[in-house]
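Okay, so here's the structure we're looking at.
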Amino acid sequence: MPFVSNSGGDSGGDWFSFDKLTKSVSAINEKAVADTRAETQKLLNSARNGGFHITPEGVKPLREALVRMQERLDSLSRSTIRYLGQSPKLGSHDYGKTVAQHTLKGGSSEPGSASVVLEQLRMVLEDALAALRHAEDNYRNRESEVVSALKSKQE
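Per my numbering, numbering through the sequence shown is continuous, rising by one, with the last residue being 363.
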């Protein structure tokens, strides 16, 4: 299927739209990911302090989903980050050089760039996985305490 550019707005029935693409990419920005990381840190801190617990059966599908997300993010990072750090070849004229520099900034390691946002998202996933590990440990510890208490009452 050929690539169809749609510079006139939403494509409606077209299979691809720049407008849709830019809206989805701009929805994942540094601030949104930073806000999500802050909330995930709260979750992690709560789990570390015994604030919640989850059964191993409850953790399993959550962990699997997060691991799949992490694998997809790693794959995306491997396939694109190296290209984001390279200036595109847009010609030797002034406009081409200016656009190439701007494009490089958007993908490189500057604040708000794609590579920085992807790295922050990776940290969110790591924090969420750590929170699940702590919550599962909390469940097991609490379960052991209950079993011990019941055994001591039976004796």
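Think of the CB as a built atom: it goes at the ideal place given N, C-alpha and C, for glycine as much as any other residue. The model shown is predicted, which means the values in this text are computed figures rather than measured ones.
**Asked** Just reading off the alpha helix (DSSP H) that K192 is part of, what are its end residues?
**Response** In the structure as shown, the chain starts at 209 and stops at 363, and residue 192 therefore has no counterpart that could be examined.
**Request:** Give the range of the alpha helix (DSSP H) segment to which T263 is assigned.
**Result:** Run containing T263: none; DSSP gives neither H nor E here.
**Local conformation of H301 per DSSP, three classes** = H301 falls in the coil class under three-state DSSP.
**Prompt:** Within the chosen definition, does the segment 332-347 reach the segment 262-272 through at least 3 CB pairs nearer than 8 Å?
**Reply:** Yes, they touch.
**Request:** May I ask you to verify whether the segment 296-305 touches the segment 243-252, counting CB pairs closer than 8 Å and requiring at least 3?
**Result:** Pairwise C-beta distances place the segment 296-305 out of contact with the segment 243-252, as fewer than three of them are shorter than 8 Å.
**Asked** Got a sec, what are the start and stop residues for the alpha helix (DSSP H) E353 sits in?
**Response** Note, E353: alpha helix (DSSP H), 322-362.
**Asked** Contact between the segment 281-289 and the segment 325-332: three or more CB pairs below 8 Å?
**Response** The answer is yes - the segment 325-332 touches the segment 281-289, with three or more Cβ pairs under 8 Å.
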